[in-house]
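Worksheet: the structure to be examined is printed underneath.
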Amino acid sequence: MDGTFNENDISRVVEADRAHIWHHLSQHKPYETTDPRIIVEGKGMRVWDQKGKEHLDAVSGGVWTVNVGYGRERIANAVRDQLIKLNYFAGSAGSIPGSNFAEMLIDKMPGMSRVYYANSGSEANEKGFKLVRQIAHKKYGGKKHKVLFRDRDYHGTTITALSATGQDERSAQYGPFTPGFVRVPHCLEYRAFEQDGAPQENYGVWAADQIEKVILAEGPDTVGSLCLEPVTAGGGVITPPDGYWDRVQEICKKYDILLHIDEVVCGVGRTGTWFGYQHYGIKPDMVTMAKGVASGYAAISCLVTTEEVFDMFKDDASDPLNYFRDISTFGGCTAGPTAGIENMRIIEEEGLLQNTLDMGDYMLDQLNALGDKHAAIGQVRGKGLFLGAELVTDRDTREPVHESKAQAVVGDCMNQGVIIGMTNRSLPGKNNTLCFSPALIAKKDDIDQIISAVDGALGRVFG
Ligand SMILES: Cc1ncc(COP(=O)(O)O)c(C=O)c1O
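The sequence shown runs 5 to 467 under the numbering used here.
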C-alpha cells in the first residue's frame, strides 16, 4: 500500500485483508492461494461479497446474531442520534438508553430485576462467574465457589469462559485453566447410547440426575452455580429432553445452587420466545445474553439477575469491599442499549416472535422431509429458527460423518449462494451437525431456498 486509501477499490481491500487481518476461527494457509471472503453489504436476509455475489444468509451473520436482518435504518438512525447526544459515560453513572432498555428487558423477564451491561457473551458470563465467587466469599467462607458447566456447552472465549467449555476442541492448547469449574454430562438423547447407564425411558430425568451425582461427588457445599445453555448451540443444537429442566431446577433448589442460564444465542427471539428458558418454565437466578440483543448493530451484552442476587451485594455499605467491584469500560457505551431498544421494538411491531415459531415449524418439517430423502441426516433438532441436522454415516450405528463431509455440504451451499453453518472445531469426532439460524424475518421462500440448497448439496456430497 502506498498510503493513499481508496475505500471503493475492492482489490486493495482484499490485499490489505490478506496482509493484515487475522481472521476469527480461521486457518490462514488457504488465503495464500485464494482470496479471503469480504462481506460488503447486507439487506434483509441477504449479503453481498466483494465479487458482488449475493448470498442468502441462513446463519444471521455467521453466528446467530443479526436477528432482525441487515440494513435496518431505524436502528442506525437511533444510534446516530444518541451518539451525537451522548456516546459514552462509564457505567458507574446511568444513561437514558441504559435505563430505558433495562426496563424493556425486565418487562420481558418476569422474576428478573437487575441489568449489568458489558460487551460480549464471554464477558457477561465472566461477570456471572465472578458473582458466584464473591457470594461464596461473603456467605460461605469462600467455599461454595465452584461453577458446574455441561459437556458440549460453550460460554465464551476468554480463559475462564473456556474453563467452562464442554467443547474440547475449543479449549485444546489453551490451558492451564481457571480452577473451580466442573463438567457435568450432556443431555443429547440421540447420543444417550454412548453414556454409561442411560435408560431407554425418562432420559431427561436421568440426564439431570447425572448433575446431582457430580454435585454430591464435589460436595454440595462447594458448588455455587450451574451454568447451562437452554438449548445448546455450537455443541450441536441440543434441545433438552422431556423432564430435564424440572429436575435440574429441583436439584439446584435442593443444594442452594444458583442457576445461570446462558442466553447468548437463544436470547431475544431466536427460539420464538423472548428467551429460550421461557419454553421450559425455568426460573433462573442469572441470565446472560449478547448476540441477538442488538442484532449486531452495536456491541452489547447483559448479565441480568434477580433482586435476591442483587441484594447480596448491597447489604453492608460500611464494608469497602462489599459490592460488585467490576467494570466493563465499553459497558458504558450508549449505542448498545439504544440499538437494543429499537431491535426489541422491531421484533414486537413486526410480530417476529410469532414468525419465528411459524417459520421454525415450517423449516423443521422441511428438514425432516429432507431426512426422508437423504440417509445422511440422522436427526433434526431445534426450536424456532434455531435448527440443526446431525449427519451420520449409518442411521443404525449413528456413526458421525467426518467433519470434511459436513464442510463439503457447507461449501456446496456457499457455492449456491446460501450460507449455512456447522459445529466448528468444537467436539472431537463430532463436528457433524449442520446449523441453521436465519433471521427472524425469514419467509417461506427464504426457507425453501435454504432447503433446496441443502438438498442439492447432500445429493452431491453423499450421492
Ligand atoms: C452460548 C454462548 N455463550 C457465550 C458465547 C460467547 O459470546 P462472545 O463471542 O460474544 O464472547 C457464545 C458465542 O458463540 C455462545 O454461543
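Ideal Cβ placement from N, Cα and C applies to all residues, glycine included.
Taking 7 angstroms as the cut-off, the C-beta of Thr161 counts as close to a heavy atom of ligand 1. Counting only runs that start and end inside the stretch 247-313, the beta strand (DSSP E) elements of at least 3 residues fall at 262-266, 290-293, 305-309. Distance check between Pro183 and each of Leu262, Thr164, Ile219, Pro432 places Thr164 closest, using alpha-carbon atoms only.
Closest by C-alpha distance to Ala412, out of Lys447, Pro341, Val465, Val67, is Val465. Exclusion of the five residues before and after Phe328 leaves Phe317 as the residues of its chain whose Cβ lies within less than 6 angstroms of its Cβ. In the structure shown, the three-state DSSP call for Glu198 is helix. Counted as a single uninterrupted DSSP element, the alpha helix (DSSP H) harbouring Val17 occupies residues 14-24.
When rounded, the separation of the alpha-carbon atoms in Ala343 and Ala298 is 5 angstroms.
For Asn129, the CB falls within less than 7 angstroms of some heavy atom of ligand 1. Ranked by how close their Cα comes to the Cα of Arg78, the residues Arg187, Cys417, Glu205, Tyr301 have Tyr301 in first place. Between the stretch 254-268 and the stretch 200-208, the count of C-beta pairs closer than 8 angstroms stays below three; the two stretches do not touch. Ranking Leu371, Asp157, Asp362 by CA distance to the CA of Leu230 puts Asp157 first. Note that the C-beta distance between Met113 and Val291 is below 8 angstroms. Comparing alpha-carbon positions, the option among His27, Val63, Gly46, Leu135 lying closest to Thr310 turns out to be Leu135. Nearest Cα to Val235 within the set Trp249, Gly228, Gly223, Glu222: Trp249.
Relative to ligand 1, Asp266 has its C-beta within less than 7 angstroms of a heavy atom. The Cβ atoms of Thr427 and Gly145 do not sit closer than 8 angstroms to each other.
For Gly65, the distance from the CB to the nearest heavy atom of ligand 1 is not below 7 angstroms.
For Pro404, the three-state secondary structure derived from DSSP is strand. Relative to ligand 1, Val188 has its C-beta separated by 7 angstroms or more from all heavy atoms. Apart from the 5 residues on each side of it in sequence, Ile286 sits with its Cβ closer than 6 angstroms to the Cβ of Trp249 in its chain, given in chain order.
Gly170 counts as buried, since at least 16 other C-beta atoms from the protein chains shown sit within 10 angstroms of its C-beta.
In the DSSP assignment, Arg154 falls within the beta strand (DSSP E) that extends over 150-154. Here DSSP, grouped into helix, strand and coil, assigns Thr243 to coil.
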